[in-house]
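Remarks on the structure that follows.
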Amino acid sequence: MHLLHGVVTAATRYAVANIEGREYLAHRWARQLLGILHVHSTIHGHLTSRPANGTMIIANHISWLDIFLIMSTQPAHFVSKAEVRDWPVIGLLARKIGTLFIERSRKRDAHRINDDIRNTLNNGGVVVVFPEGTTSDGTKIRPFHASLLQAAIDCGSLIQPVAIRYPLANGAANVAPAYIDDMNFPDSLKRIADQKDIRAELTFLAPIPSAGKTRRMLAIEAEAAIANALHLANPHSGIGTPAGPPAAAQ
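This is the structure:
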């Protein structure tokens, strides 16, 4: 019923609303979805004020829930794999809220998507990138790819790292929300809905200026910040940190 409500809203109120109205509708719908799925989020820190040249959020990626967790706190445009565009209902909603879709199997598609990201950032927008290029079960960080960070450099935008985790009561990673391997969306949704309670934590870390840096430098710096906040091994250093709750936002 909530998905159908989203479709109707996207086709009616969302279609004619101004930017602030669309942000409000997307924010409210995401919060309601999390409530229905018994996802209780804790937010550490906050997004840096939105500058004229936009902000790029870089986050680790565990689940499709990540999108709605961020959306429930901050209106944004998401870069997503093109397959999501064809998902029933969710794909329609993703298109309506301005998701930027990339064909990951086509290397040259990064040039096109960077143009779309630049346009959004230059209009003062917030763009969310998951630079691992895939999901994990939350027990590790995969190396960050740098190809989609060029737009932030070109626009002089801030990079805002965001660390995401789904902890159990004992602090270990809850792997139920993870969308990994050959899992399909219906199976993932059932697995999440079967959980009586899902805890989620988002930690907004200190922003990273893009001026004077290469995209590789930005990727490694953001990767290290998120790995440190989650107390996970940094893929590029090979050095782990002790297990425990995420560090407080800086």
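Going by my numbering, the sequence shown opens with residue 1, and the numbers climb by one from there. Beta carbons are placed, not taken as given, at the ideal position from N, Cα and C, and that holds for glycine.
Minimum C-alpha distance to residue i - residue among the options
i, options, result
"residue 92", "3, 69, 198, 226", "3"
"residue 150", "210, 18, 201", "210"
"residue 75", "46, 39, 35, 164", "46"
"residue 200", "157, 96, 160, 64", "64"
"residue 42", "198, 193, 103", "198"
"residue 134", "84, 190, 202", "84"
"residue 125", "153, 108, 51, 86", "51"
"residue 73", "57, 37, 13", "57"
"residue 70", "109, 187, 128", "128"
"residue 107", "153, 19, 81, 139", "81"
"residue 143", "187, 9, 218", "218"
"residue 195", "35, 79, 100, 208", "35"
"residue 186", "112, 101, 207, 87", "87"
"residue 37", "19, 192, 208, 202", "192"
"residue 28", "12, 68, 203, 55", "68"
Unbroken alpha helix (DSSP H) run spanning residue i, endpoints
i, result
"residue 71", "65–71"
"residue 217", "215–230"
"residue 93", "90–96"
"residue 2", "2–11"
Proximal residues to residue i (C-beta, below 8 Å), its chain only, five neighbours per side dropped
i, result
"residue 141", "60, 132, 223, 226, 227, 230, 232, 233, 234, 235"
"residue 137", "62, 173, 175, 178, 180"
"residue 205", "45, 160, 161, 162, 163, 225, 226, 229, 249, 250"
"residue 7", "89, 92, 93"
"residue 32", "2"
"residue 213", "153, 221"
"residue 118", "151, 154, 155"
Where the beta strand (DSSP E) containing residue i begins and where it ends
i, result
"residue 165", "158–165"
"residue 59", "55–59"
"residue 39", "39–44"
"residue 80", "77–81"
Secondary structure of residue i, DSSP reduced to three states
i, result
"residue 27", "helix"
"residue 244", "Note that residue 244 has pLDDT 39, beneath the 50 cutoff, so the model's placement of it is unreliable and no number is given."
"residue 19", "helix"
"residue 249", "Its pLDDT being 31, under 50, residue 249 is placed unreliably by the model, and nothing is read from it."
Cutoff 7 Å; reference residue i; Cβ partners in own chain excluding five residues on either side
i, result
"residue 114", "148, 150, 151"
"residue 168", "174"
"residue 53", "121, 122, 155, 156, 157"
"residue 14", "22, 25, 96"
"residue 39", "65, 198, 200"
Proximal residues to residue i (C-beta, below 6 Å), its chain only, five neighbours per side dropped
i, result
"residue 145", "131, 133"
"residue 16", "none"
"residue 216", "146"
"residue 98", "77"
Heavy atom of the ligand MG within 6 Å of residue i beta-carbon
i, result
"residue 175", "This structure lacks the ligand MG; in fact it carries no ligand of any kind."
Would you list, in sequence order, the uninterrupted beta strand (DSSP E) runs of no fewer than 3 residues that lie entirely inside the stretch 179–207? The stretch 179–207 contains, as complete beta strand (DSSP E) runs of 3+ residues, the segments 198–204 (chain order).
Going along the chain, which unbroken runs of the beta strand (DSSP E) with 3 or more residues stay wholly within the stretch 99–151? With a minimum length of 3 residues, the continuous beta strand (DSSP E) runs that stay inside the stretch 99–151 are 100–102, 126–129.
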